[in-house]
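The sequence shown runs -20 to -1, 1 to 293 under mature numbering (1 follows the signal peptide of the UniProt record, and there is no 0).
We treat Cβ as the ideally placed atom computed from N, Cα and C, and that holds for glycine.
Just so you know, these numbers come straight off a predicted model, no measurement behind them.
Data first, discussion second: the structure below is written as structure tokens.
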Amino acid sequence: MKKILTAIIAITFIGSAATAAELKMNHIPADSKWVFHWNSDRFSETEYWEMGKGDIPADKMEEIEWLSDFLGYDVLEQTHGVTLYGPDSKKQNAVLMVYGEFDKPHVISQLEENEEYELELYRSERIHQWRDQKDNRLKSGIFASPKQVVVSENRKALKKFIDMKAKDRESLKTAGSSSLGSLLEAANDDAFMIIGITEISNLDKFGKKNAIFNNSSMLAVVSGEKEGKTYIDLDLTTKDKKSAKQVEKMISGIKAFLMLKSKNNTDALSILEKTTLTRDKNQLFMSIEIPSEKVYKAIKRHAEKEKAEDSDK
């Protein structure tokens, strides 16, 4: 599963082509505390795809080819989107949903080769279980539809999804009082990445050890591309007005420091000058706009640096 997940995450940053895989609120349980969604189809329409499709490292291509063989379809062209969600920050409780042109019989035949493969019937669904040889953990998964696979280490989480699919549990779409659902609904239609987190201060990996998020309740991050420029919109809700003012002061201070440090770098200075931060009571809104070409080059430099450091070890 680790190898599968690693390859899938790599692919989400490459793209695909077909009807856009929008975030589907009816596929996410109402009690979820965080959601990550990557729209591969939307990403394939950006400059990143044009710049990156011919620049895939050999090791990533091996992962992509391996995954294509496992799933029985061309993951570069036929993976539409990936969604992750969970009720807390524990990895084993997270649920992964992949939307693509799966060859279902082929995938099942691959899973059946696992020594600990088991099949469980739950309601109208067939739950496939196998042990991942990479991390020695049991995984469970279902074909929720011909083009949707749902996987988790926690079988109870998978059954909760099945109950929701059968309309015996609320989803973010049907639960009108869901704060996370309300947060995600504001996302732009052209976004290729959407992140939503609620009850941040109670999540170990997000809020408890972070000065900005410690007194925050909700965060939304939405990113897309318009006219060759990548936009990143952040919406942060704090527990009260006082906390919002403190966070506003902190972010403004960081921005001022970076502007001073970048005074001889016109490109960086221009980006910082156009970065906006506003506050409305206990809610903060931040907007960043960066030329996609510059983002891509920065990511590429970082990847090359990490690769060089790994080879020196």
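Quiz item: Under three-state DSSP, which class holds Arg149?
Solution: Position 169 of the sequence shown holds residue 149. Coil at Arg149, not helix or strand.
Practice problem: Would you give the residue range spanned by the beta strand (DSSP E) that Pro271 belongs to? | Solution: In the sequence shown, counting from the first residue as 1, residue 271 sits at position 291. Note, Pro271: beta strand (DSSP E), Gln263 to Pro271.
Quiz item: Which ranges does the alpha helix (DSSP H) cover as unbroken runs of at least 4 residues, wholly within the region 170 to 208, from first to last along the chain?
Solution: none
Quiz item: Count the other CB atoms within 10 Å of the CB of Trp213; is the residue buried (16 or more) or exposed (fewer)?
Solution: Taking the first residue of the sequence shown as 1, we reach residue 213 at position 233. In the sequence under discussion, the amino acid at residue 213 is Asp, which differs from the Trp named in the question. With 16 or more Cβ atoms within 10 Å of its Cβ, Asp213 is classed as buried.
Quiz item: Who does Asp260 pair with in a DSSP beta bridge?
Solution: Start at 1 with the first residue of the sequence shown, and residue 260 comes out as number 280. Its beta-bridge partners are Gln263.
Self-check item: Extent of the continuous alpha helix (DSSP H) run through Tyr28
Solution: Within the sequence shown, the letter at position 48 stands for residue 28. Where Tyr28 is concerned, the enclosing alpha helix (DSSP H) stretches over Glu27 to Gly32.
Quiz item: Considering only residues of the region 113 to 138, which uninterrupted beta strand (DSSP E) runs meet the minimum length of 3 residues and lie entirely inside it, listed in chain order?
Solution: 117 to 125 and 128 to 132
Exercise. Starting from the Cα of residue 295, find the closest Cα among Leu249, Leu257 and Asp247 and give me that residue.
Key: Because the chain in this structure spans residues -20 to 293, residue 295 falls outside the shown range and cannot be described.
Exercise. Express the C-alpha separation of Leu51 and Glu93 in angstroms, rounding to a whole number.
Key: Translated into the one-based positions of the sequence shown, residue 93 becomes position 113. Translated into the one-based positions of the sequence shown, residue 51 becomes position 71. Spanning the two alpha carbons is a distance of roughly 14 angstroms.
Quiz item: Gly161 lies in the beta strand (DSSP E); which residues open and close that run?
Solution: What you label residue 161 is simply residue 181 of the sequence shown in a count that begins at 1. Element bounds for Gly161: not the beta strand (DSSP E) but the alpha helix (DSSP H), Ser159 to Glu165.
Quiz prompt | Status (buried if at least 16 other CB within 10 Å, exposed otherwise) for Asn245 | solution = Counting from one through the sequence shown, the residue named residue 245 turns up at place 265. Exposed: under 16 other Cβ atoms inside 10 Å.
Quiz item: From which residue to which residue does the beta strand (DSSP E) around residue 296 run?
Solution: There is simply no residue 296 to check, as the chain begins at -20 and stops at 293 in what is shown.
Quiz item: If we call anything under 8 angstroms between Cβ atoms a contact, is Ser20 one with Leu76?
Solution: Within the sequence shown, numbered from 1, the residue matching residue 20 stands at position 40. Within the sequence shown, numbered from 1, the residue matching residue 76 stands at position 96. Not closer than 8 angstroms, so no.
Quiz item: Which residues share a DSSP beta bridge with Arg22?
Solution: Reading the sequence shown from its first residue, position 42 is the one you call residue 22. According to DSSP, Arg22 bridges with nothing at all.
Exercise. Report all residues from its chain with a CB closer than 7 angstroms to the CB of Tyr53; omit the five preceding and five following residues, and keep chain order.
Key: Start at 1 with the first residue of the sequence shown, and residue 53 comes out as number 73. Closer than 7 angstroms at Cβ, skipping near neighbours: Gly80, Glu81, Phe82 and Asp83.
Quiz prompt | Element boundaries [beta strand (DSSP E), containing His86] | solution = To locate residue 86, count along the sequence shown from 1; it is residue 106. Premise fails: His86 lies in the alpha helix (DSSP H), Lys84 to Glu92, not in any beta strand (DSSP E).
Quiz item: CB-CB under 6 angstroms to Phe16, same chain, minus the five flanking residues each way: which ones, in chain order?
Solution: The residue you call residue 16 lines up with position 36 of the sequence shown. These residues qualify, in order along the chain: Leu64 and Ile175.
Practice problem: Check the C-beta distance from Thr178 over to Lys285 and give it rounded, since I have them as a contact under 8 angstroms. | Solution: Position 198 of the sequence shown, counting from 1, holds the residue named residue 178. Position 305 of the sequence shown, counting from 1, holds the residue named residue 285. That pair is no contact at about 35 angstroms.
Quiz prompt | Coil, strand or helix - Ile36 by DSSP | solution = For this step, residue 36 is matched to residue 56 along the sequence shown. Correct three-state label for Ile36: coil.
Self-check item: Contacts around Lys261, its chain only, beta-carbon distance under 8 angstroms, and the 5 residues preceding and following it disregarded
Solution: As a position in the sequence shown, residue 261 is number 281, starting the count at 1. Lys221 and Ala224.
Exercise. Tell me Leu216's beta-bridge partners as DSSP assigns them.
Key: For the purposes of this step, residue 216 is identified with residue 236 of the sequence shown, where counting begins at 1. Leu199 and Leu264, per the DSSP bridge assignment.
Quiz prompt | Simplified DSSP assignment, three categories, for Ser2 | solution = Stepping through the sequence shown from its first residue, residue 2 is reached at position 22. Note on identity: in this sequence residue 2 is Glu, with Ser being the wrong assignment. Coil at Glu2, not helix or strand.
Quiz prompt | Three-state secondary structure assigned by DSSP to Lys(-19) | solution = On the sequence shown, residue -19 is found 2 positions in, with the first residue counted as 1. Residue placement at Lys(-19) is flagged as unreliable, the pLDDT there being 41, under the threshold of 50; the coordinate-derived value follows with that caveat. Three-state result, Lys(-19): helix.
Quiz prompt | Leu152 versus Asn182 - alpha carbon distance | solution = Counted from its first residue, the sequence shown places residue 152 at position 172. Counted from its first residue, the sequence shown places residue 182 at position 202. Going by the C-alpha atoms only, they are around 20 angstroms apart.
Practice problem: Could you work out which residue in Glu27, Asp170, Val55 and Asn195 is closest to Leu3 when comparing CA atoms only? | Solution: Taking the first residue of the sequence shown as 1, we reach residue 3 at position 23. Leu3 has its Cα closest to that of Asp170, out of Glu27, Asp170, Val55 and Asn195.
Self-check item: Tyr79 in three-state terms, based on DSSP
Solution: Here residue 79 refers to the residue found at position 99 of the sequence shown. Here Tyr79 sits in strand by DSSP.
Exercise. Under 7 angstroms Cβ to Cβ from Lys139, same chain only, skipping five residues before and after it: list those, please.
Key: Taking the first residue of the sequence shown as position 1, residue 139 is located at position 159. Around Lys139: Tyr102.
Self-check item: Euclidean distance between Cα positions of Ser272 and Glu27
Solution: As a first step, residue 272 must be located in the sequence shown, where it is residue number 292. As a first step, residue 27 must be located in the sequence shown, where it is residue number 47. Taking the straight line joining both Cα atoms gives about 7 angstroms.
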